[in-house]
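Asks: Once you've had a glance at the structure underneath, I'll fire off some questions.
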Amino acid sequence: MNKKIIWSTTGILIVLIIIFIVHQNKVVPQPQAPIKIGALLSLTGGASAWGENSQKGIALAVEEVNAKGGINGRQVEVLYEDTASDPKVSVSAFQKLISLDHVDAIIGPLNQTETAPVIPLIAENNIPTIAPGFLPLKDRQNIYNPIFVWTDAEIEAGRLAQYVYEKGIRTVGVIGTLDAWENTVTTAFADKFKALGGTVTALEKVQPDSSDMKLSVTKVVATKPQAIYLGTYYQFVNSLKEIHTQGYKGQLFGIEVDDYLATETSKWSNGLQFIAPNYYTTTFIDNFRAKYSAEPGMPAGQSYDAAKILFSILEQGDRSKVLEAMKNFKEYTGVSGKLTISPEGRTSLPTAIFEIKDGKISRAVSLE
């Protein structure tokens, strides 16, 4: 009896020891490293309002994808770098993300001036990039990378020129700056308006940081145009103030005016109409409000869509397949509407005409 107890006890001990050894040597699955995405955004400087909106849109998309398990089981981590609205800073920030942070992909930059100098670096490093901005075709080395998630500026300005002409306006004075994007939309509007049969009575372009718009506005107003088009963000406030001071009574038009500009010019901008991407979907607006207790401004929705597009492409796995997916990317329906990319690489999104009244923006007409 004692021997049976001893053998039984010994057997149990042996089994327990085996279980312990197996457990100790069992390979415990380690969590996979996160997918690292760099975001080049203008968080300070002249375009900081846009950079902050963009960051919020991206962060919302990241929160949603991680809540669903990430990308192929891997969580997404975004490393934000401030480009300070400066091309040189943009280049340095890009190099840091590639060399030190070893990111898997990039979102950004936002504006044309910052994007142009990093195009060669994107090609050199073959890094998948989605930019919630615009760059002319002539400045792009590869129409598939970056993918641009913003209506082509020349298309957008051309749509506005068409709208102005169809309102019966035949003479327009034009004010812009030598900033890359503003120069593009100023020239594109003027060229399209003239092609339609209209007359540009005066075209004035100043430096983006010019402190005095009196001379330029005087030259434009002196030609007595039926309307004035402002192809500028940087000089929007100064220009409108001077136009008001000089007593101009014609119609006013602009491009991509945000709540900040509308508020700052509330005394002078009543009735001004401008073109911009159409409103976001209700669901996105509700989710944005819930997270930030604020309204989504430009380009929050486009940046959210840029992140979502990138996430879907990164599901392909290795970089060669990701880049191939970018090459085949043609359209996407997101919170900003249906995005399409033409065979030559031009991005198009739904746009609308908006109007300012007492510093508030409301949609007037939906376009294509």
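Per our numbering, residue 726 is the first one in the sequence shown, and the count goes up by one each step. Note that beta-carbon positions come from the ideal geometry of N, C-alpha and C, so glycine has one too.
(1) Sort Trp775, Gly771 and Gly795 by Cα distance to Ala758 and report the nearest one.
(2) Taking only runs that begin and end inside the segment 812-849, name each unbroken alpha helix (DSSP H) of 4 or more residues, in chain order.
(3) Are the CB atoms of Val1060 and Phe1009 within a distance shorter than 9 Å?
(4) Helix, strand or coil: how does DSSP classify Asp984 here?
(5) From Ala915 to Ser935, what does the alpha carbon distance come to, in whole angstroms?
(6) May I ask you to check if the CB of Gln976 is nearer than 8 Å to at least one heavy atom of the ligand PLP?
(7) Taking 8 Å as the threshold, find out whether the segment 894-914 comes into contact with the segment 1059-1073 through three or more Cβ pairs.
(8) Is Pro1075 near Asn995, with beta carbons less than 9 Å apart?
(9) Beta carbon of Tyr1005, beta carbon of Glu981: below 9 Å?
(10) For the beta strand (DSSP E) containing Glu802, list its first residue and its last residue.
(11) Where does Leu1039 sit, in a helix, a strand or coil, going by DSSP?
(12) So, with DSSP's three-state summary, where would you put Glu1080?
(13) Could you have a look at Ala1019 and say whether DSSP puts it in helix, strand or coil?
(14) What number of angstroms, rounded off, separates the C-alpha of Ser1087 from the C-alpha of Ser991?
(15) Would DSSP call Val1047 helix, strand or coil?
Replies: According to the structure data:
(1) Gly795
(2) 812-824 and 837-840
(3) Taking 9 Å as the Cβ cut-off, Phe1009 and Val1060 qualify as a contacting pair.
(4) helix
(5) Here the C-alpha atom of Ala915 lies approximately 22 Å from the C-alpha atom of Ser935.
(6) Within the structure as shown, the ligand PLP is missing, as the structure has no ligands at all.
(7) no
(8) No. Outside cutoff.
(9) no
(10) Val801 to Asp807
(11) helix
(12) strand
(13) coil
(14) 14 Å
(15) helix
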